[in-house]
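Below is one structure, written out as structure tokens; the observations come after it.
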Amino acid sequence: MIDSNYLLLVFLVMTIATYISRLTPFIFFASGAETPVLKFIAKKIPPMVLTILVFYMLREVNYFSFEGANTIIALLATSTLHFYKRNALLSILTGTIIYMSLVQI
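Residue numbers for the sequence shown follow my numbering, beginning at 1 and rising by one.
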């Protein structure tokens, strides 16, 4: 059985670590001024995360099946719409609707 003092110490350390990780951005960026770090994060991180998600989604697709065809059609529709409208939310929703519609047929 684990000692209750050990568990309390673990909970205390986890609480402090969580509190510090949540508080740190407010301390560093309290002035509200635009910094190069914030500009970089705002510009580069969202496309990087979406690229990682796309590669993660495509890694185990069997392209010689109906699932692969559905994935390619939805991916082409999503990327075409995104390059045309430049609206990430619209692109993602449309691609999801197309993919789910094709899967259900």
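Where is the CB? At the ideal position from N, CA and C, for every residue including glycine.
Note that the structure is a prediction, hence the values are computed from the model and not measured.
Proximity of Ala69 and Ile98 at Cβ, strictly below 9 Å: Taking the first residue of the sequence shown as 1, we reach residue 69 at position 69. Taking the first residue of the sequence shown as 1, we reach residue 98 at position 98. No.
Would you give the residue range spanned by the alpha helix (DSSP H) that Arg86 belongs to? Taking the sequence shown and counting its residues from 1, the one referred to as residue 86 is at position 86. Arg86 -> no alpha helix (DSSP H), and no H or E assigned at all.
Whole angstroms are fine: how far does the CA of Leu102 sit from the CA of Ala33? The residue given as residue 33 occupies position 33 in the sequence shown. The residue given as residue 102 occupies position 102 in the sequence shown. Roughly 47 Å between the two C-alpha positions.
Less than 8 Å between the CB of Tyr19 and some heavy atom of the ligand SAM, yes or no? Looking for the ligand SAM in the displayed structure turns up nothing, as the structure carries no ligands at all.
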